[in-house]
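**Q** Sequential numbering from 1 applies to the sequence shown in the UniProt record's numbering.
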Amino acid sequence: MKHSADVIIVGGGIIGCAAAYYLAKRGVSVLVLEGSSYIGNGGSSRNGGGVRQSGRDPRELPLAMYGIQKLWSTLSEELEVDCEYHQDGNLRLGKTPEHLEILSGLADRARACGLDVKMISGDEVRTINPYLSREVIGASWCPTDGHANPLTTTLGYYKQARKMGVCFLTEQKVTKLKKIKGKLRQVITSTDVFEADTVIVAAGLDSRPILATVNIDIPMQSVMLEGLVTEAQAPMFNQMLGTAEADFYGHQTKHGSFVFGGTLGLEGFTKDNGTPISNSLAASSTCRGIIKYFPALKHAKIVRTWAGWMDLCADKVPVISPVEEVPGLIVACGFSGHGFGIAPAVGYNLAQLVTEGRTDVDLHELQYNRFHAKS
Numbered sequence: 001m002k003h004s005a006d007v008i009i010v011g012g013g014i015i016g017c018a019a020a021y022y023l024a025k026r027g028v029s030v031l032v033l034e035g036s037s038y039i040g041n042g043g044s045s046r047n048g049g050g051v052r053q054s055g056r057d058p059r060e061l062p063l064a065m066y067g068i069q070k071l072w073s074t075l076s077e078e079l080e081v082d083c084e085y086h087q088d089g090n091l092r093l094g095k096t097p098e099h100l101e102i103l104s105g106l107a108d109r110a111r112a113c114g115l116d117v118k119m120i121s122g123d124e125v126r127t128i129n130p131y132l133s134r135e136v137i138g139a140s141w142c143p144t145d146g147h148a149n150p151l152t153t154t155l156g157y158y159k160q161a162r163k164m165g166v167c168f169l170t171e172q173k174v175t176k177l178k179k180i181k182g183k184l185r186q187v188i189t190s191t192d193v194f195e196a197d198t199v200i201v202a203a204g205l206d207s208r209p210i211l212a213t214v215n216i217d218i219p220m221q222s223v224m225l226e227g228l229v230t231e232a233q234a235p236m237f238n239q240m241l242g243t244a245e246a247d248f249y250g251h252q253t254k255h256g257s258f259v260f261g262g263t264l265g266l267e268g269f270t271k272d273n274g275t276p277i278s279n280s281l282a283a284s285s286t287c288r289g290i291i292k293y294f295p296a297l298k299h300a301k302i303v304r305t306w307a308g309w310m311d312l313c314a315d316k317v318p319v320i321s322p323v324e325e326v327p328g329l330i331v332a333c334g335f336s337g338h339g340f341g342i343a344p345a346v347g348y349n350l351a352q353l354v355t356e357g358r359t360d361v362d363l364h365e366l367q368y369n370r371f372h373a374k375s
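The following block contains the structure:
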């Protein structure tokens, strides 16, 4: 078993796999430690698949724009896997004047960052997507948004990283980070000790207790999200759909099924070991909400539902930065349920940060020190 590398990445989700791939392309030796038995065993392989810029906080929007402009369009060829990437736009739907006010504010802030997004009427919505109901009175429309397959994309990064020499070790639950002579050097698991010059912690919710072992705290909490998938339908449309209040989002897959996700504020259930279980009340409520927007799916059968934890950061945007207090440590967590679409850009810029000490995208508003007490 390999016990040392230039970089250790804690977490085998899409952020960890993408960072490992781009680091390996730069000739860096990488070791990825995954606490579970499977790579991508979490939200990375089970999310709604959105690759969107619209509706994002301006602090993370540059990452989304960078990934769409420079990485997503050629990712299937680069990873030698069908990422099922579609760039056919995103409709964020509104049914009330209050919804349109929310969407207008989001669109205004995005345009200020240079994004092509605009408000359109209900009739214009149905010109783009005739399957949407008359209850939709308007939407924001971003033609360069899209969606992709989270499972194939995550595993694509994993497989290519392995081909390039990255070592992935599963069932290596990290229990402690350890500094030597003032610099982070060791990653300790329940069974082994590993060493590296740089450690990237990208372990979702598990990042918080791991970072606590070197007295670093990122304010995150767990929020349960639920998803569902329908049986295959005839081809209808390729746009990504969302709503002003984010109570549901989804798209039609290449297979024909629809994948939808969201949260309605209903409490989910967990097994004794903390594994989330989908809530039948939430699933049925989500379906009723979807039908209000999308009546053509009224008779579609649900194939399965699932639930999972989101690592909700206190200010709802991720932390992507070195940690001044712990030399050698970089954190990439707190993605708050919208990390998949920016994962290629995050992985690419993390590799730049390690090898060049700089990034193409200005990440200063995503730094860890934004949580420091103001003097």
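Just so it is clear, CB atoms sit at the ideal spot from N, CA and C, and this is done for glycine as well.
1) Inspect the beta-carbon positions of CYS313 and MET220 and report whether they are closer than 8 Å.
2) DSSP state of GLN352, grouped into three classes?
3) Could you check if residue 396 is buried or exposed, using at least 16 other CB atoms within 10 Å of its CB as the buried criterion?
4) Pull the bridge partners of ARG358 from the DSSP assignment, please.
5) Which one of HIS372, LEU31, LEU366, LYS25 has the shortest CA to CA distance from ASP197?
6) Quick check: the Cα distance between GLY49 and ILE218, rounded to an integer number of angstroms?
7) My assumption, with CB atoms under 8 Å, is that ILE15 sits in contact with GLY40. Please give the rounded CB distance.
8) In whole angstroms, what is the alpha-carbon distance linking VAL174 and GLY35?
9) DSSP three-state label for ASP338, please.
10) When you compare each of GLN239, GLU124, THR153 to THR144 by their alpha carbons, which one comes out closest?
11) How would you write the range of the alpha helix (DSSP H) that GLU98 sits in, first residue to last?
12) Looking at ALA300: is its Cβ nearer than 8 Å to the Cβ of GLU226?
13) What do you reckon, are the CB atoms on SER278 and PRO150 nearer than 8 Å?
14) Going by DSSP in three states, ALA5 sits in which element: helix, strand or coil?
15) Which of helix, strand or coil does DSSP assign to PHE258?
16) Please report how far the alpha carbon of LYS176 lies from the alpha carbon of TYR368, in whole angstroms.
17) Skipping 5 residues on each side, what residues in its chain have a beta carbon closer than 8 Å to that of LEU33?
**A** In short:
1) yes
2) It is helical.
3) Here the chain comprises residues numbered 1 to 375, so residue 396 is not present and cannot be evaluated.
4) Paired residues: none, contrary to the question.
5) Cα-wise, what sits closest to ASP197 is LEU31.
6) 26 Å
7) Not really, about 11 Å apart at Cβ, beyond 8 Å.
8) 7 Å
9) Reading the sequence as shown, one finds His at residue 338 and not Asp. Three-state DSSP puts HIS338 in coil, outside helix and strand.
10) That would be GLN239, whose Cα lies nearest to the Cα of THR144.
11) 97-112
12) no
13) no
14) strand
15) strand
16) 19 Å
17) ILE8, ILE9, VAL10, GLY11, GLY12, LEU169, GLN172, VAL174, VAL187, THR189, PHE194
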